[in-house]
Each structure stands twice: as structure tokens, then as C-alpha cells.
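K.L.:
When we follow the working numbering, the leftmost residue of the sequence shown carries the number -5, and every step to the right adds one. Supplied in C-alpha cells, the structure appears directly below.
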Amino acid sequence: DAPAAGKACTRFDLEKETELRFEVEAGEAAEQVELELVTGMAEVFGSELNRNKKYTFGPGSKIAVFTWLGCSVNLYGKPEVAYVSKDTPMLLYLNTHAALEQMRKQAERDNERGPRVMVVGPTDVGKSTVCRLLLSYAVRVGRRPTLVELDVGQSGVSVPGTVSALCIERPADVEEGFSVQAPLVYHFGSTTPGTNIKLYNKLTSCLAEVFSQRCEVNRKASVGGCIINTCGWVKGSGYQALVHCASAFQVDVVLVLDHERLYNELKRDLPHFVRVVLLPKSGGVVERSKECRRDARDEKIREYFYGFRGMSYYPFSFEVRFSDVRIYKIGAPSIPDSCLPLGMSQDDTQLKLVPVTPGRDLTYHVLSVSSAEDGEDSAKKGIVESPVCGFIVVTNVDTQAQMMKVLSPAPRPLPRHTLLIMDIRFMDMK
Ligand code: ATP
């Protein structure tokens, strides 16, 4: 590790069951902060720290270093804030893990399936962090749980505008989170489920089905169960989507973070055998502004193409002829019921594939490359339910030449020719 030369060093001595919270200033010019465990033991969101190793956290990071038995750590650099808190819900979270582990043990004994857990709550209550914690604790005791990511705004697995599932095989990396290898990803197309709730529910069902199939053939996955991260939209259709998810995945446990009304509603509406548990949020969870969320989304797309930290990728840029691809948008704009063709319902329009005529307005849009086979016949069948094999961004459109230029993680040609357009745009500033 490079020495933290010239950086101010602050020592924190933490008593047992306390945590050091710190934030790194946001913005390109902000200085990174390094963390080093000097004595004792400590963890960051469920992943243990190695002693005398320097961990680097970039602009905008919000971190908690928790210790069960006491420790001392050094921080190098100037964090925006850094303070020690004795008031954390970590013991409750650990007890939750212990209860889930009991369920896994029982599943193992009785040849049944392990716990399927849904984590819900409004925005900024630490849902993703609780998921990460529970998953890391589970792998640390030898389990192989699955993370199901339904947060289309802030996905921890793939680019925004997608839902996905990922088998977790090792604890999250302290600096980089879970290693994302071979996730199963579906195209949703926008950052809030409200833009097409029918599609959102459909994709939730697809993920549930694939997960169940995997559980049938893989005992470890079945016993490990899953942890489902959801969106912060908990009213109206957002609430209905949670109820739908609970039923699609046949969840056994729902963890409600910091929202009593939601807790009561779910207790009322879910079958009695589902355990609904209310948990407090951590005082350390930091609220994120709209801009902050938008930047995080942008960063996630940039990472997809360019990699991050030690891992740089070099994306390709090439031209694609309009005639070589078929571009669709999922969901036609809703029209009054009275104007629908006979026998057709609004539901059908929300899942309909609408061909997109390429034009200048395609520029900067993110497109998902569908894994659906290219044949004419299958051109429309099953595309909505097919996972995606990657993403490209349109960087330029030449309507005269009937070509568009795209940014792609792999060289030409595109592996498939069915593309799905997202509402999400990405401007490549590199
Ligand atoms: P969203 O609704 O956007 O999905 P969320 O409810 O999933 O948000 P998280 O992403 O888990 O919330 O947490 C928000 C931020 O707070 C993250 O940057 C996370 O690193 C930070 N955070 C979580 N817990 C703590 C803590 N105990 N101390 C300091 N920071 C924390």
C-alpha cells in the first residue's frame, strides 16, 4: 500500500459496539480519504477490515466503521465529517441475521428452502446497506444467498433502469461492494417503477421464476435464500408492487425500515405466515439530494463502460447501420379505454413493443441489447421477458447515412440486434 504521504492523520479509539461515521466530500476535485485499522477488529457494512491495510474512499462516500469489541483506526485526509456514534441498530441487524441463519439451518435439516427476505422502506433509510450487511454475514457463515435488486433508480448490481439478480459468493469488498460477475439483468428502461408499473411487476415475476428454477437444481442457492432490495416508493402502485413482489417470490420475511404505517399495512395485507418485522434505521444513513442520486446513476453507467479504481475498461466506438438493428420501446402511451381496439386492455399496451424510428433524438440514450434471438419470428415474442446481454450508448446519429455511432463495451459486431431504448441518457464526458 502506498503511504498516505503528507495527509493529516486522525486517530479514533472506538469502544465496543460503536461506529465511526465519515463522509468524503463530493466533487471531482475532492480529496480521497484513507482508513486503516490499527488495533482490534472492525467491519464496514458487514465486511471485516484487515489490520494495517489502507482502504481508500473516493468523493461522496458515506461510510460507517463498526466494531463489536473495540478497536482503533486512523483516518488520513480531510473527511467532510467524522464522528463516533454509540447509538446504532447494528445489534438488531445482527439478531436479524441470526434469525435468518436459524431458518437456513432448519431448511437444511428439513430439506426445505431457506428464507426469502424483502427489505422495504422509504428512500434514504439504508435499505441497500441492510441488504449488503445481511448478505455479507450470510456468506461469512458459508451460505450462498442471492441478491435481488429491484431498485431501478439506484441499482447496486447493474446500470440504472434495470432489475437484476446476483449470486453472492464472497463478502462485499470494503471499497467496491459485491463483485458483479454474471448477474441476471432485465431491461426496465427508466428510473422509477411508476413509468410502467405493469412492466415492473412482470419483470419481478420473471426474476422470481428464474430464482425458483435455480433453487430447484441448486441446493445451496435454495438454502441460502434471497435478500430483495426494493424501491423507496411505498404508496399507491408502489405499495402494490411490494405486495406483488412478496407474492411472486413467496417471501417469508419482510424487513420494514423505519416506517410504521408501511409495517402495519403489510402486516394487514400479507398472508399471516409472512413475518413482517419493523427495524429502526441507522442515524448514520445520509439523505441524498436529487442531484446526488443523478450523479450516482451517471457514475454507475460510467463504471459500466470505463471500469473504476484499479480496473480500467476501454470501451469501443463504432457505427451501426439502422437496417442492421431493431429498436423498440416497451410500452405504448396509454390511450382512453374507449379508444382501445376490441379485446385489448391497457395492460397490453404497457407491455407492447413499440418500434422506434431512429432519429437525432436517440442521441445519448442508453440502449439495452436484448438476449432474444434475432430471427424475424422471435422478433417480438419474449423480448420483454428476455434478459439483456449488455448496454450501449448512442453517441451520434447520422440520418442521411442511416447510421448511428455507439459506445460499446465490446468491439463490433453487436452480439444481438434487438435493442431496447431507455429513458435514461448518458453523456460521455471523457
Ligand atoms: P435508496 O432509497 O436510494 O435506495 P437506501 O434506503 O437504500 O437508499 P442506502 O443506500 O443503504 O439507503 O444508504 C444511503 C447512504 O448512507 C449510503 O451512501 C450509505 O453508504 C450511507 N450509510 C448507510 N448506513 C450508514 C451509517 N451507519 N453511517 C454512515 N453512512 C451510512
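All C-beta atoms, glycine included, are put in the ideal place defined by N, C-alpha and C.
Excluding the 5 residues preceding and the 5 following Ser184 in the sequence, name in chain order all residues of the same chain whose CB lies nearer than 8 Å to its CB.
P.N.:
Cβ neighbours of Ser184 beyond the five flanking positions: Val146, Gly155, Asn190, Met416, Asp417 and Ile418.
K.L.:
Per DSSP, Ile377 is paired with what?
P.N.:
DSSP output for Ile377 lists no bridge partner at all.
K.L.:
Between the C-alpha atoms of Val114 and Thr123, what's the straight-line distance to the nearest angstrom?
P.N.:
Whole-angstrom Cα-Cα distance: 12 Å.
K.L.:
Apart from the five residues just before and just after Pro83, which ones in its own chain have a Cβ nearer than 8 Å to its Cβ?
P.N.:
Excluding sequence neighbours, Pro83 sits near Leu273, Pro274, Lys275 and Ser276.
K.L.:
Hey, is the stretch 103 to 118 in contact with the stretch 220 to 232, meaning 3+ C-beta pairs nearer than 8 Å?
P.N.:
Yes: the two stretches touch, three or more of their Cβ pairs being nearer than 8 Å.
K.L.:
Going by other Cβ atoms of all chains shown within 10 Å of its Cβ, with 16 needed for buried, is Ser317 buried or exposed?
P.N.:
With fewer than 16 other Cβ atoms within 10 Å, it is exposed.
K.L.:
Once you ignore the five residues that flank Thr4 on each side, which residues in its own chain have a CB closer than 6 Å to its CB?
P.N.:
Excluding residues within five positions, the ones whose Cβ falls inside 6 Å are Leu69.
K.L.:
For the ligand ATP, I want to know if Thr117 counts as a neighbour, meaning its beta carbon is within less than 7 Å of at least one of the ligand's heavy atoms.
P.N.:
Yes - the ligand ATP has a heavy atom lying nearer than 7 Å to the Cβ of Thr117.
K.L.:
Answer with buried or exposed for Gln148, where buried requires no fewer than 16 other C-beta atoms within 10 angstroms of its C-beta.
P.N.:
Buried, since its Cβ has 16 or more Cβ neighbours within 10 Å.
K.L.:
In chain order, what residues of the same chain have a beta carbon less than 8 Å from the beta carbon of Val348, not counting five sequence neighbours either side?
P.N.:
Taken in chain order, the residues that qualify are Tyr322, Lys323, Ile324, Gly325 and Ala326.
K.L.:
Are the CB atoms of Val363 and Val387 within a distance shorter than 8 Å?
P.N.:
In this structure, Val363 does not lie closer than 8 Å to Val387 by Cβ.
K.L.:
Does the ligand ATP have a heavy atom nearer than 7 Å to the CB of Gln148?
P.N.:
Yes, the ligand ATP has a heavy atom inside 7 Å of this Cβ.
K.L.:
When you compare each of Arg315, Val27 and Asp422 to Met398 by their alpha carbons, which one comes out closest?
P.N.:
Checking every option, the nearest Cα to that of Met398 belongs to Arg315.
K.L.:
Based on Cα-Cα distance, which residue from Glu9, Tyr49 and Cys65 lies nearest to Val32?
P.N.:
The residue with the shortest Cα to Cα distance from Val32 is Cys65.
K.L.:
With Glu25 and Tyr49 assumed to form a contact (beta carbons below 8 Å), what rounded beta-carbon distance in angstroms separates them?
P.N.:
Between Tyr49 and Glu25 the Cβ distance is about 15 Å, and since that is not below 8 Å, they are no contact.
K.L.:
Measuring only the C-alpha atoms, how far is Ala176 from Glu163?
P.N.:
Answer to the nearest angstrom: the Cα atoms are 12 Å apart.
K.L.:
Report yes if the C-beta distance between Gly71 and Ala20 is below 8 Å; otherwise report no.
P.N.:
Not in contact: Gly71 and Ala20 (Cβ atoms no closer than 8 Å).
K.L.:
Using beta-carbon positions only, say whether Val382 and Ser365 come within less than 8 Å of one another.
P.N.:
Yes, they are a contact pair.
K.L.:
Using the Cα positions of Trp62 and Glu9, report the straight-line distance between them to the nearest angstrom.
P.N.:
Near 8 Å, if we compare the C-alpha coordinates of Glu9 and Trp62.
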